[in-house]
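Protein chains in written order, with my numbering: chain A, 5 to 290; chain B, 78 to 310.
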Amino acid sequence: MAFNVTEILEIPLGIGEITLENILYFTVVLTVGVIIAKIVAINVRRILAERLPKNESELFAKLIYYIIIIWAFVIALPQLKFDLSGLLVAGGVAGLVIGFASQSVVSNLISGLFLMFERPIKLGDNINVADVTGSVEDVRILSTVIKTYDGIYIRIPNEKVFTSNITNYVHNAARRFTYEIRIRYEDDADAAIRIAREVIEKHPFALKNPAPSVFVDNFGEHSVNLTAYIWAPARNWWDVRTDLLWKIKQALEENGIEIPIPQRTVRFVDGLEGKNRGVETNRGEE
Amino acid sequence: MFGRYRDTFHQESGDIMVETGSVDGLLTYRRRCEGRTFERILVSKTGEIVINPVEPGSLPKDITDLLMMEFPPMMIEPGATQTVYLKFPVEIGVFIESARDIEVLDIFGLGNQKYTLYGPPADGVIALYCRSAIYPDIPPVEFYREGVMELSIQNLSLEWMEVSCAVFNSVDMMIYYGDFVATSATMRVLSRTLAETDFVDAPLRPGMEKAVELNKARKIPVLNRGHLMEWGH
């Protein structure tokens with residue numbers, strides 16, 4: 005007796021016109037879809053492991069996994085003699101509605117993905133974005149969380165972060181800050197510059213290179229104004245800035261150089277006599 | 078002062094005092110160094126205190142792993158190799174060790190540290206800065222303040238090269254101590270801007286003892302890959 009595989013595959017199963025071949029084809033497509041989905045999800049998880057928090061990379065991997073399975077299911081479905089045209093019409097209408105409803109969500113999602121790959125900000129960075137200044141606590145799929153220096157939690161939608169100017173204060177390893185130091189006109193500016201340089205030189209985090217710069221910048225109304233440019237590690241600059249200023253002030257005062265108190269010298273046209281005469285005149289009128 | 082101690086001990090040398098003793102019935106570790114003090118209560122029956130020199134860069138705050146050694150410029154002809162000796166700053170690490178674990182208890186050091194930027198402000202990296210003269214032989218050093226670095230510089234390029242600094246990843250640093258603190262390093266000059274630096278795991282003199290490394294105590298896995306200097310030398 006001859007054994008014909010083709011005939012066996014074409015035997016109807018009694019459910020409409022579905023044959024064994026249809027069932028096998030449906031199963032194979034779905035199995036291949038599941039395998040592809042698993043491989044893609046594993047790789048997505050691995051790629052995103054360092055870029056996203058674990059819960060978000062897991063969510064993203066699952067999303068891709070199910071999209072691929074649905075795609076395989078839609079491809080395999082005609083084998084079960086299922087008419088997809090009705091589904092497509094319904095899906096089209098539903099897609100339109102969902103599209104309008106989730107416009108901002110998708111926009112935030114896409115912005116979040118761009119932020120994750122472009123990486124203008126990282127966790128712990130001190131930034132200013134959309135008029136919010138603080139440190140980055142989390143970069144999520146839809147939003148970025150910032151903790152302000154007052155300890156306030158602020159969630160900014162990723163679309164806003166992506167389209168705003170981002171100032172990242174710690175992106176570069178070092179940053180410069182400036183002091184304006186005022187001394188009296190009678191003080192020795194050269195000595196003040198030398199003393200300030202010595203204090204800066206002693207501070208471990210006032211960088212050796214780029215070298216600090218201290219110079220007479222301008223002559224003020226009451227003071228000679230010195231300017232100091234100092235470079236510090238970007239993540240420590242605030243500590244250095246607050247620490248050094250007081251040390252410079254103390255060192256200057258120890259050497260007799262003081263910060264001037266604003267004062268004005270008034271000269272009378274005819275000396276003090278004019279003033280006394282005025283007083284006498286006033287008394288006479290009384 | 079370097080070595081292993083059990084129970085109570087007292088070590089003093091110049092401006093440094095390290096001891097463990099009983100304070101109000103509690104075993105307490107105490108350290109004084111140039112006026113700065115540190116104190117920690119120890120709850121231990123089997124623990125040992127280990128004191129040895131450690132790789133620099135933890136003081137006053139651990140902000141970088143890089144160490145920049147600056148020295149007078151030297152011109153090296155193509156293909157030439159020269160071994161020189163430099164002085165590098167030493168920090169002192171105090172570890173507490175039991176049969177199962179070792180932990181950093183304290184890090185201190187003499188003198189002031191200074192940090193610098195190696196490279197341009199936009200891409201550069203922060204490094205601990207140290208300036209040294211160049212010595213043809215092992216120079217005398219202040220034991221607790223300085224160590225000796227044997228640096229073998231090799232010019233692998235086809236041009237004369239001026240070398241005046243070397244940047245190392247101090248995580249890779251292997252320190253040995255005996256009569257003095259020492260480490261060995263290599264520098265391979267590749268071009269005008271590129272050079273590779275690395276440390277050699279070998280004592281400078283026979284009989285020197287290997288120091289416990291900070292990263293080992295901190296359980297930070299280290300792949301000794303050296304450091305690539307990308308912004309000149």
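Note that beta-carbon positions come from the ideal geometry of N, C-alpha and C, so glycine has one too. All values derive from a computational prediction rather than experimental measurement.
- Between the C-alpha atoms of Arg123(A) and Tyr173(A), what's the straight-line distance to the nearest angstrom? 14 Å
- Would you say Phe181(A) reaches chain B, if we count a Cβ-Cβ gap shorter than 7 Å as a contact? no
- Item | Identity of the residues DSSP links to Val133(A) by a beta bridge | Val136(A), Ile170(A)
- Task: Please classify Phe104(A): does DSSP put it in a helix, a strand, or coil?
- Result: helix
- Message: Tell me which residues of the segment 216–235 of chain A have at least one Cβ-Cβ distance to chain B shorter than 7 Å, keeping chain order.
- Response: Trp235
- Proximity of Met145(B) and Thr193(B) at Cβ, strictly below 7 Å: yes
- Task: Please determine, among Ser234(B), Asn129(B), Arg108(B), Gly156(B), the residue with the shortest C-alpha to C-alpha distance to Tyr253(B).
- Result: Asn129(B)
- Query: Do the CB positions of Ala94(A) and Gly37(A) come within less than 7 Å of each other?
  - Reply: no
- Uninterrupted alpha helix (DSSP H) stretches inside the segment 154–238 of chain A (no shorter than 4 residues): 162–167, 193–206
- Task: Pull out every residue of the segment 110–128 of chain A whose Cβ sits closer than 8 Å to any Cβ of chain E, in chain order.
- Result: Looking at the structure shown, chain E is missing, and the protein chains on hand are A and B.
- Message: Give me the chain A residues within the contact set of Val202(B), using Cβ-Cβ distance strictly less than 7 Å, ordered along the chain.
- Response: Ala177
- What whole-angstrom Cβ distance do Val248(B) and Asn292(B) have, given they're in contact under 8 Å? 6 Å
- Query: Given 8 Å as the limit, is there contact between the segment 253–269 of chain A and the segment 219–227 of chain A, that is, 3 or more CB pairs closer than that?
  - Reply: yes
- Query: Does any CB atom of chain B fall closer than 7 Å to the CB of Ser168(A)?
  - Reply: no
- Message: One question on the structure: do Ile160(A) and Gly116(A) come within less than 7 Å of each other, judged by their Cβ atoms?
- Response: no
- Message: Need the endpoints of the beta strand (DSSP E) that Lys253(A) sits in, please.
- Response: Note, Lys253(A): premise wrong, no beta strand (DSSP E); alpha helix (DSSP H) at 241–258.
- Just the C-alpha distance for Thr171(A) and Tyr69(A), rounded to the nearest angstrom, thanks. 36 Å
- Query: Does the beta-carbon distance from Ile234(A) to Pro214(A) come in below 7 Å?
  - Reply: no
- Indicate the three-state DSSP secondary structure (helix, strand or coil) for Val266(B) in the structure shown. strand
- Could you tell me which chain B residues have their CB closer than 9 Å to the CB of Lys151(A), listed as they occur along the chain? Those do not exist, as Lys151(A) stays about 21 Å from chain B at its closest Cβ, beyond 9 Å.
- List, in order along the chain, the chain B residues whose C-beta lies closer than 8 Å to that of Arg239(A)? Ile140
- Query: Out of curiosity, what's the CA-to-CA distance linking Asp243(A) and Ala210(A)?
  - Reply: 10 Å
- In this structure, does DSSP put Thr97(B) in helix, strand or coil? strand
- Please work out which residues of its chain come closer than 8 Å, Cβ to Cβ, to Thr167(A), disregarding the five sequence neighbours upstream and downstream, and give them in chain order. Ser115
- Message: In whole angstroms, give me the CA-to-CA distance for Ala196(A) and Ala232(A).
- Response: 11 Å
- Query: Using 7 Å as the limit for Cβ to Cβ distance, is Pro133(B) near chain A?
  - Reply: no
- Task: Give a yes or no on whether the C-beta atoms belonging to Gly18(A) and Lys85(A) are separated by under 7 Å.
- Result: no
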